[in-house]
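One structure is given below, encoded as structure tokens.
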Amino acid sequence: MNPETMIPLAKAITMGLGSIGPALGIGLLVSKAMEAIGRNPEASGKIFVPMLLGAAFAEAIAIYALVVAFTI
4 MNPETMIPLA
14 KAITMGLGSI
24 GPALGIGLLV
34 SKAMEAIGRN
44 PEASGKIFVP
54 MLLGAAFAEA
64 IAIYALVVAF
74 TI
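Note that the numbering used here has the sequence shown beginning at 4, numbered continuously upward.
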């Protein structure tokens with residue numbers, strides 16, 4: 004097979020596998036944070052900011068996968 008024809012497939016696999024982990028991580032993070040806020044609404048200020056920070060770090064990993072896909 005010609006290597007030029009495999010490049011789009013390599014990019015798709017890189018983005019697909021590179022985004023599964025962050026997607027699951029963000030989903031679990033937000034789910035547990037909303038559950039905690041539902042149980043204790045007074046603690047929402049203390050839960051919300053770390054949740055956003057964790058989501059940003061997980062999203063950064065997906066952006067790394069995007070950069071790797073662009074360099075292929």
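Using N, Cα and C, we set each Cβ at its ideal position, and we do this for glycine too.
Tell me whether M37 sits in a helix, a strand or coil according to DSSP, three-state version.
-> helix
Cα separation between A61 and E7?
-> 31 Å
Per-residue DSSP class, three states only, for M4 | coil
Would you decide whether I10 is buried or exposed? Buried here means 16 or more other CB atoms lie within 10 Å of its CB.
-> exposed
Spatially closest choice to G28 from M54, M18 and T17, by CA coordinates = M54
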